[in-house]
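What follows is a short report on a single structure.
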Amino acid sequence: MLIVMQSQVSEEKIEKVVDYIKQKGFDAHISKGEDHTVIGAVGRKVIDKRDIELLDGVKEVIRISSPYKLVSRVFKNSDTVIEVNGVKIGGGYTAMIAGPCTIETYDQMETTAKKLSECGVKILRGGAFKPRTSPYAFQGLGEEGLKIIREVADKYNMAVTSEVMEVSQIPMFEKYVDILQVGARNMQNFNLLKGLGEVRKPVLLKRGLCSTIEEWLMSAEYIMAGGNREVILCERGIRTFEHMTRNTLDLSAIPVVQKISHLPIVVDPSHATGLRDKVAPMSKAALAAGADGLIIEVHNSPETALCDGAQSLHIEEYENLHKELLELSKVLHKTLV
Ligand code: PEP
Ligand code: MN
2 MLIVMQSQVS EEKIEKVVDY IKQKGFDAHI SKGEDHTVIG AVGRKVIDKR DIELLDGVKE
62 VIRISSPYKL VSRVFKNSDT VIEVNGVKIG GGYTAMIAGP CTIETYDQME TTAKKLSECG
122 VKILRGGAFK PRTSPYAFQG LGEEGLKIIR EVADKYNMAV TSEVMEVSQI PMFEKYVDIL
182 QVGARNMQNF NLLKGLGEVR KPVLLKRGLC STIEEWLMSA EYIMAGGNRE VILCERGIRT
242 FEHMTRNTLD LSAIPVVQKI SHLPIVVDPS HATGLRDKVA PMSKAALAAG ADGLIIEVHN
302 SPETALCDGA QSLHIEEYEN LHKELLELSK VLHKTLV
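Here our numbering is used: the first residue of the sequence shown is 2, the next is one more, and so on.
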């Protein structure tokens, strides 16, 4: 339920409404606009909306039939802009996130990060805990990997994103990374989502392999309901009957999400296609469709990569793509960093 307060209402009146709904067993989430303050009442309790409408300072009460509230534009109409390391994501700001699938060695990360930072990339990706389909495949370097990516990122003044796989790892990730990534396979790991709700760092939430947009938004709702407002959605392709690509990039998810939600949405063309030569065209398509950023796998030697080499760009390929995307962003009137 959304409670829209009258314009220029006093703090005292807002507090009284918040106290009232809390007393009735709801959580209150406040969003302050230029004119109006909106209070999101989240909870399962039943309440007569007329009782709230009668409270001092209340303009109107809107019941939301959709299951997501905090992620929706009804709760907050303006685009959420998330800032990491001076880079803005959302609301016309497009962010490039790049790096290898997996952190392998210091030298691999150093070589890649140096080149990416020369291109202008400010956010470095790399997995330290890998959700591999086979238990015999390389599982990642663990905390050692996080130390490497942090050290390298600091050297080139970059921010770090890496995938967190379980709740118990959250404190470790808070120490080393700037954006905590939730992988596709964990999109509905509700305990993890609840844990991330308590974190005060942005979360990049990938869409599940077979998840609908609504399920994905509900996962974002979990994080936001826990108090963390900084969620970046990431479309990374969904499973379809098509086998020519690893997944099918659902480009229409971009405008669909942007109509419903104020959260930024980035696209991962690497996992969506699974093939290096498809990454550049789909990156451009994603940007043209309105994506707020891209997360792209880049490796200094894709042929010898321990994971996802076939979908990783060579550094020179990334450099060319980055230049093209800068040109495209001008046409789209977007700022790309
Ligand atoms: C990744 O980003 O390395 C990854 C495993 O992606 P996804 O969770 O989208 O498969
Ligand atoms: Mn990968």
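Just so you know, even glycine gets a beta-carbon here, dropped at the ideal spot from N, CA and C. Please read all numbers here as calculations on a predicted model, not as lab measurements.
Residues of its chain near residue i, where Cβ-Cβ distance is below 8 Å and the 5 sequence neighbours each way are ignored
{"i": "Val-204", "result": "Ile-180, Leu-181, Gln-182, Val-183, Leu-197, Ile-224, Asn-229, Glu-231, Val-232, Ile-233"}
{"i": "Val-257", "result": "Ile-214"}
Minimum C-alpha distance to residue i - residue among the options
{"i": "Gly-275", "options": "Glu-243, Val-258, Pro-265", "result": "Glu-243"}
{"i": "Arg-201", "options": "Arg-186, Met-188, Leu-125, Glu-175", "result": "Glu-175"}
{"i": "Ser-118", "options": "Thr-134, Phe-130, Gly-100", "result": "Gly-100"}
{"i": "Met-159", "options": "Pro-172, Val-178, Leu-142, Gly-141", "result": "Val-178"}
{"i": "Glu-35", "options": "Leu-56, Val-10, Leu-326, Gly-58", "result": "Val-10"}
{"i": "Lys-156", "options": "Arg-133, Lys-207, Glu-167, Leu-125", "result": "Leu-125"}
{"i": "Ala-404", "options": "Glu-152, Val-82, Asp-28", "result": "Given a span of 2 to 338 for the chain in the structure shown, any question on residue 404 remains unanswerable."}
{"i": "Pro-50", "options": "Phe-27, Gln-170, Ile-266", "result": "Looking at the sequence provided, one finds Lys at residue 50 rather than Pro. It is Phe-27 whose Cα lies nearest to the Cα of Lys-50."}
{"i": "Gly-121", "options": "Ser-330, Val-332, Leu-333, Glu-320", "result": "Glu-320"}
{"i": "Leu-218", "options": "Ile-261, Asp-269, Ser-32", "result": "Ile-261"}
{"i": "Glu-215", "options": "Thr-38, His-30, Pro-68", "result": "Pro-68"}
{"i": "Cys-394", "options": "Arg-208, Ser-302, Glu-328", "result": "Any question about residue 394 goes unanswered here, given that the chain covers just 2 to 338."}
Spatial distance of residue i from residue j (CA atoms)
{"i": "Ala-226", "j": "Leu-71", "result": "7 Å"}
{"i": "Ile-4", "j": "Val-43", "result": "11 Å"}
{"i": "Ser-163", "j": "Leu-252", "result": "24 Å"}
{"i": "Gly-92", "j": "His-263", "result": "9 Å"}
{"i": "Cys-211", "j": "Met-6", "result": "39 Å"}
{"i": "Ala-185", "j": "Gly-58", "result": "43 Å"}
{"i": "Met-173", "j": "Thr-134", "result": "24 Å"}
{"i": "Glu-317", "j": "Val-82", "result": "30 Å"}
{"i": "Leu-55", "j": "Ile-65", "result": "19 Å"}
Residue span of the beta strand (DSSP E) that contains residue i, given as start and end
{"i": "Glu-61", "result": "59-63"}
{"i": "His-30", "result": "28-33"}
{"i": "Val-19", "result": "Careful: Val-19 lies outside any beta strand (DSSP E), inside the alpha helix (DSSP H) at 12-24."}
{"i": "Lys-89", "result": "88-90"}
Opening and closing residue of the alpha helix (DSSP H) in which residue i lies
{"i": "Thr-113", "result": "107-120"}
{"i": "Met-173", "result": "171-177"}
{"i": "Leu-276", "result": "Premise fails: Leu-276 is in no alpha helix (DSSP H) and is neither H nor E."}
{"i": "Gln-189", "result": "Neither: Gln-189 is in no alpha helix (DSSP H) and is coded neither H nor E."}
Where residue i sits in the DSSP three-state scheme
{"i": "Lys-149", "result": "The residue asked about is misnamed: residue 149 is Ile in this sequence, not Lys. Helix, per DSSP."}
{"i": "Lys-285", "result": "helix"}
{"i": "Leu-322", "result": "helix"}
{"i": "Ala-226", "result": "helix"}
{"i": "Ala-96", "result": "strand"}
{"i": "Arg-126", "result": "strand"}
{"i": "Ile-233", "result": "strand"}
{"i": "Thr-305", "result": "helix"}
{"i": "Ile-53", "result": "helix"}
{"i": "Ala-292", "result": "coil"}
{"i": "Lys-46", "result": "coil"}
{"i": "Ile-261", "result": "helix"}
Own chain partners of residue i with C-beta closer than 6 Å, once the 5 adjacent residues on each side are dropped
{"i": "Leu-147", "result": "Ala-129, Tyr-177"}
{"i": "Lys-335", "result": "Gly-93, Thr-95"}
{"i": "Leu-307", "result": "Thr-103, Glu-105, Phe-139"}
{"i": "Ala-290", "result": "Leu-252, Ile-255"}
Contacting residues, own chain, Cβ-Cβ under 7 Å from residue i (five flanking each side not counted)
{"i": "Ser-284", "result": "Pro-270, Leu-295, Ile-297, Leu-322, Leu-326"}
{"i": "Ala-311", "result": "Gly-275, Leu-276, Arg-277"}
{"i": "Ala-273", "result": "Arg-237, Gly-238, Asn-248, Leu-250, Met-283"}
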